[in-house]
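J.: Pasting in a structure now, in structure tokens, and then I'll have a few things to ask.
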Amino acid sequence: RHHHWAYAYCLKVLGREEEAKDVFQETFIRVYRTAPQSDNPVTNVAGLIMRVCRNLCLNVQRDRKTTVEIEDVHLVVDTHHHYEKDELLDLIDAALDCLDAEDREVFVLRMYHDISYDEIARQTGLTVAAVKNRVWRAKSRIKVLLAPVLSEFDRL
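Using the numbering used here, the letters of the sequence shown correspond one by one to residues 64 to 219.
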């Protein structure tokens with residue numbers, strides 16, 4: 064029941080299919096192993112899955128120990144090209160890869176999974192203000208990276 068959004072979350076946050084599959088699988092293994100051992104019955108299964116999934120994604124990102132500065136990444140855009148939906152999604156995914164892991168995480172939770180700011184704050188341990196700030200910052204960076212494409216659409 065929860066597998067579709069959990070995998071989508073892993074893929075969006077990590078950006079690499081193999082890592083997403085590994086984290087997705089490990090998430091459900093850990094949830095399955097943890098649930099019966101708990102003295103308290105799990106009342107929010109989706110919340111537990113999200114917490115485990117998030118923590119595993121953070122572990123993978125920490126292990127990568129790489130950061131990508133926006134200035135170091137150049138999206139080459141042919142402004143005379145009419146973009147198809149799949150191409151636009153690929154460009155958005157490339158822009159997501161340029162975000163800091165923390166900004167990407169809250170952006171994906173808010174924009175792709177439609178999770179409230181309050182819930183994101185609870186899941187990540189951030190304040191609501193910090194979550195809103197990170198979402199705004201992520202949107203701003205994505206707009207800058209996609210400006211050539213967006214300006215082409217303005218001309219249409």
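Glycine included, each C-beta is placed from N, C-alpha and C at the ideal position.
Count the other CB atoms, across all protein chains shown, that sit within 10 Å of the CB of residue 82; report buried if there are 16 or more and exposed otherwise.
T.: buried
J.: Within its chain, find whatever has a CB closer than 8 angstroms to the CB of residue 171; leave out the 5 residues flanking it on each side and keep chain order.
T.: 72, 75, 76, 159
J.: Can you tell me which of the three DSSP states residue 85 falls into?
T.: helix
J.: Do you know how far the Cα of residue 197 is from the Cα of residue 16?
T.: This structure cannot speak to residue 16, because the chain is shown only from 64 to 219.
J.: How far does the alpha helix (DSSP H) with residue 207 in it reach, from first residue to last?
T.: In this chain, the alpha helix (DSSP H) harbouring residue 207 covers 191 to 208.
J.: Taking only the alpha-carbon atoms, compute the straight-line gap between residue 109 and residue 90 and give it to the nearest angstrom.
T.: 12 angstroms
J.: Measure the C-alpha to C-alpha separation of residue 211 and residue 162 and round it to an integer number of angstroms.
T.: 18 angstroms
J.: According to DSSP, is residue 107 part of a helix, a strand, or is it coil?
T.: DSSP places residue 107 outside both helix and strand once states are collapsed to three, so it counts as coil.
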